[in-house]
Every structure is written in structure tokens, then in C-alpha cells.
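What follows is a short report on a single structure.
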Amino acid sequence: MFQDIEPYAYHNEFIDRQPTENDYVFIINKDKVLLDEKDGELSLLQYNTVKDNFPDAIKDLIYLFSVDQAAFFLSLEEITETEPLQHKDIHVFREMKPSWLAFAGATAFHFAHWYDTHRYCGRCTGRFERKIDERAVICPSCGNVEYPRISPVVIVGIIDGDRILLTKYAKGYKRYALVAGFVEIGETLEAALQREVLEEVGLKIKNIRYYKSQPWAFSSSLLAGFFADLDGSDNVVVDTKELAEAVWMHRDALPAGESTLSLTWNMIEAFRLGMKCEE
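Here numbering that gives the first Met the number 0 is used: position 105 in the sequence shown is 104, and no number is missing along the way.
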């Protein structure tokens, strides 16, 4: 899946680290990231490139994480693109090669989004400052401390014999997906699954079993994937505010060769191949 970057290793320990010439710097504005383009290939910006072209952008870099020996930093400066540098939608990381740099780019966006939306204190409106001893921001006026947020999301493959329920969202993503949703306050993961299934497709489920998880930076989420069996009627009642359609599809009719970078399609492929899905 997207986070599987072996033999490279992701290290997110909070440390005081200064950039070297071959480290990477992310300049992200809302949902756009500044990238270099050479011979039609996109690449991340390295520290030397940023230092030479945008000296203001390196004045207050934030260390994010490292992958093996390569360190990744964030600049909160807003930069106007100049050739051959271009602003690209952050979803470009879903297809970028090599995979370890794509994962690093998406993860950097998760951090960038959090820092961008935590400039000011929600309690007293004072301006946040970054803490020096941990990854957090603190309000010097009222002492409010905020840590990076991860929203839990559940995904479920609903199974009825050799069939699985596939959905399409009403907006945005157009490929087939599975029933999914954010966990609400006070819910267990299992309760969230049952609620989402009932709300979105009008079905009941049983025999819920955990499959895999995946960090998904594009929605600042941690995805938890489950399989469950249909409990009772297979009559689907679609919530048209959330979904464009929901269809039962036989195992043999599922498309082969789809990318399994996402947890959703990893689960669909696992069901197609009969892997670790049934009780």
C-alpha cells in the first residue's frame, strides 16, 4: 500500500535537526505543492535549490521527519512559482515515483495542513508559537497547547457469499469504493461501521473483523479497514447525499490489475483473490 516503502524506513521522532544540502524542503500553499520539473518528470525540492532561489523560504524551516538519512523540512512561506518550478495539486503524490518520496510528500502535506490551520489559538485568538521540546504549538497568552490531529476513518467490505458491496461517491472521487466514514465522538470503530453502513446503504452487518490500517494524509486520517458479513436483507437503500450508487458485485466480475496503493482497493483485491476476508 501507499505507506509500504520498504526497504526505506520512516522516522517521525521529534528532534532538533538542521538541513543539509541534499535534504528536502516542502513549500505548500493550501492544496498545492511547489515541485521541480525536468524532462517531464516531477521531483521534490532539495534544500540547495530552495536556498538559491527562495532565500526567505529557509529562514524558519520546520523539521518534519526523515526517510533513512534524508530529512524533510517544511517552509510556511508563500512562494510564486518560477520555471521550471510549478505548483501542483497534492494528489500528484498518489502517482509520483519513487514510492518512498511520494509517501514523504503526502505525509508532509498532512503536517503542512495542520500547521496552516493552527496559526492562531481557538481559545483566545492569540498567535500560536511552536514548542521547542515536542511537536506541538502553544499560545503564549493563555497556555493552550495543540498537537497534530489525526481523524479516524472506518472502511468496510460488506460480504454476501461471493459478492461484495461497492459504492461510488456522490461528489469527487469517481472510482468504485467501499462504505466508509469518520468515527464520531463516543463511538467504537465497530459502532461507527454499523452506523455508516445503515446510514449510507440501509443494511445491517455482523461478524466484523479487522483487516489492515493506513495513514491517509490527503484527509488527515488514519484508515481502519474491516470486513463484515451481510446480516439480513440485501436490499440497498442509497443515501444520495453521500453516494451516487451502491451495487453488489460478484467476485469474478471485479476488475483485476487495479492499483492497490489505497486501503480500499487493497481490500477489494483481497476479496477478489479470496485472501483473509472470510471468517
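Cβ atoms here follow ideal geometry from the backbone N, Cα and C, with glycine treated the same way.
Simplified DSSP state of residue i, which is helix, strand or coil
i, result
"Arg93", "helix"
"Gln68", "coil"
"Ala252", "helix"
"Val24", "strand"
"Pro54", "helix"
"Tyr114", "helix"
"Tyr283", "The question about residue 283 has no answer here: the residues shown for the chain are numbered 0 through 278."
"Ile78", "coil"
"Gly104", "helix"
"Glu268", "helix"
"Ala243", "strand"
"Ser212", "strand"
"Val235", "coil"
"Ser284", "The chain is shown only over 0 to 278; residue 284 falls outside these bounds and no answer can be derived."
"Leu262", "helix"
"Ser98", "helix"
Residue i and residue j closer than 8 Å at C-beta
i, j, result
"Phe25", "Ser74", "yes"
"Glu77", "Asn28", "yes"
"Tyr210", "Met266", "yes"
"Leu44", "Val91", "no"
"Leu177", "Thr166", "yes"
"Pro97", "Lys37", "no"
"Val66", "Tyr114", "no"
"Ser218", "Ile149", "no"
"Glu195", "Ile207", "no"
"Gln193", "Leu262", "no"
"Arg16", "Ala70", "yes"
"Ala223", "Val153", "yes"
"Pro151", "Leu221", "yes"
Cutoff 6 Å; reference residue i; Cβ partners in own chain excluding five residues on either side
i, result
"Cys123", "Ser140, Cys141"
Cutoff 7 Å; reference residue i; Cβ partners in own chain excluding five residues on either side
i, result
"Ala169", "Thr239, Lys240, Glu241, Leu242, Ala243"
"His112", "Ser219"
"Leu33", "Ile26, Leu44, Ile78, Glu80, Leu84, His86"
"Phe102", "Phe1, Gln2, Ile4"
"Val246", "Leu165"
"Lys58", "none"
8 Å Cβ shell around residue i - same chain, five flanking residues per side excluded
i, result
"Phe72", "Pro18, Asp22, Tyr23, Val24, Phe25, Tyr46, Leu60, Ile61, Tyr62, Leu63"
"His117", "Phe127, Val136, Glu145"
(message) Is it the case that the stretch 227-236 contacts the stretch 152-165, given that we only count it when at least three CB pairs across the two stretches are under 8 Å?
(response) yes
(request) Ignoring anything shorter than 3 residues or poking outside the stretch 143-208, list the beta strand (DSSP E) runs there in chain order. (result) 150-159, 162-168, 178-181
(request) Answer yes if the stretch 187-201 comes into contact with the stretch 235-243, meaning at least three C-beta pairs across the two stretches below 8 Å, and no otherwise. (result) yes
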